[in-house]
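Just so you know, the sequences run in chain order R and H.
If you read the first sequence in the working numbering, its first letter stands for residue -11, the second for the next number, and so on.
If you read the second sequence in the working numbering, its first letter stands for residue 524, the second for the next number, and so on.
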Amino acid sequence: MSEIIISILLLVGGSFVLIGSIGLVKMPDFFMRLHGPTKATTLGMACLLTAAMVFFSVRVDGISAKEVLISIFLILTAPISGYMLIKSAIHHKLPASEKTKGKNNIEPD
Amino acid sequence: MRVESRFRWLPTPFRSFLLFAVWLLLNNSVSAGHLILGAVLAVVIPLITLPFRTPQPLILRPGLAFRHLGLVLFDIITANLQVAILILGPNKKLNPAFVKVPLDLKEAMPITILASTVSLTPGTVSAEVFPWAESLAPGEEPEQYYLLIHVLNLKDEAELIETIKSRYEAPLKEIFQC
């Protein structure tokens, strides 16, 4: 039973990480590329870590909850790294795709 | 907004709780020894490190803070599904945009939390807070802060701003009472 749960969690987590990476390759400009890694991968990693939690709780005596900590650190650091990347992209005036609206909302420095 | 805690021996209650929880999770046990050691560390470490810190507003409504955390976690899951669908769909259908959201918050800490939640939730990544700290004269307080966000697929700008303000900013204002 636990094996089925672990397998499903691993598959779902793996596919989310894969979709995030596909977004990184497929999107037309830098700003849109950022959406994949900041979001799709957080849920993917959470699924993989839950799978690890279930696995170690079943195989080893006692409940393993350390993985919760990794999820918390991921949720804390993903937006910060995304913010630093997009801030430097704006500073370097990377071209946004033609369709992007509201480019004049960026204040000149 | 309040910066000082009610108890002098517990200057930052939430961080103490966090330290305690992290200690127990790292050791993966709830035995009496770890409970006591964790509690001692949770009280002593904030006391020792207090002089190094810039004071930040305290969480004044813990119940609401936990409810908000639950809401944000739920939104992260829906956001992941939405963005996954957008990524797999055709690029032509996407309407990327930069949107400027006027903020009611003024403190650095609540703005940071708001920017992070915006980055983690549906189709938006926060990009910048205006005005820049460097562009202000020392001690000058700007009247209005703006959060610049990049949206992957913009449908209605006014509706998006309204959602961010009511769903994520209003609870933060309540929690920090500022």
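Where is the CB? At the ideal position from N, CA and C, for every residue including glycine.
Would a C-beta distance cut-off of 8 Å place ALA650 (chain H) and ILE78 (chain R) closer than the cut-off?
yes
Please give the ranges of any alpha helix (DSSP H) in the stretch 621 to 651 of chain H, keeping only runs that are unbroken, at least 4 residues long and fully inside the region.
631 to 643
Completely contained beta strand (DSSP E) runs for the stretch 560 to 633 of chain H, where each covers 3 or more residues:
With a minimum length of 3 residues, the continuous beta strand (DSSP E) runs that stay inside the stretch 560 to 633 of chain H are 620 to 626.
Taking only beta-carbon positions, decide if HIS557 (chain H) is within less than 8 Å of chain R.
no
When you compare only the Cα positions, how much space is there between MET20 (chain R) and LEU587 (chain H)?
Between MET20 (chain R) and LEU587 (chain H), the C-alpha separation is close to 33 Å.
Drop a sphere of 10 angstroms on the beta-carbon of PRO119 (chain R), count the other beta-carbons inside from all chains shown, and report buried for 16 or more, exposed for fewer.
Examination of residue 119 (chain R) is not possible in this model, given that chain R is present from -11 through 97 alone.
Since LEU549 (chain H) and LEU57 (chain R) are thought to touch, with beta carbons under 8 Å apart, how far apart are those beta carbons, to the nearest angstrom?
Right, their Cβ atoms sit about 7 Å apart.
Which of helix, strand or coil does DSSP assign to ILE672 (chain H)?
If DSSP states are grouped into helix, strand and coil, ILE672 (chain H) belongs with the strands.
When DSSP labels each residue in this structure, what does PHE718 (chain H) get in the three-state scheme?
Residue coverage of chain H in this structure runs from 524 to 701, which leaves residue 718 (chain H) outside it and unanswerable.
Between the beta-carbon of ASN93 (chain R) and the beta-carbon of LEU628 (chain H), is there less than 8 Å?
no
If you draw a straight line from the alpha carbon of ALA562 (chain H) to that of PHE589 (chain H), how long is it in whole angstroms?
21 Å
Of all Cβ atoms in chain R, is any one closer than 8 Å to the Cβ of LEU620 (chain H)?
Just to set this straight, residue 620 (chain H) is Ala in the shown sequence, not Leu. For ALA620 (chain H), the answer is yes, since a Cβ of chain R falls inside 8 Å of its Cβ.
Cα separation between SER85 (chain R) and PHE18 (chain R)?
9 Å
Does the separation of the CB atoms of CYS35 (chain R) and GLY1 (chain R) fall below 8 Å?
yes
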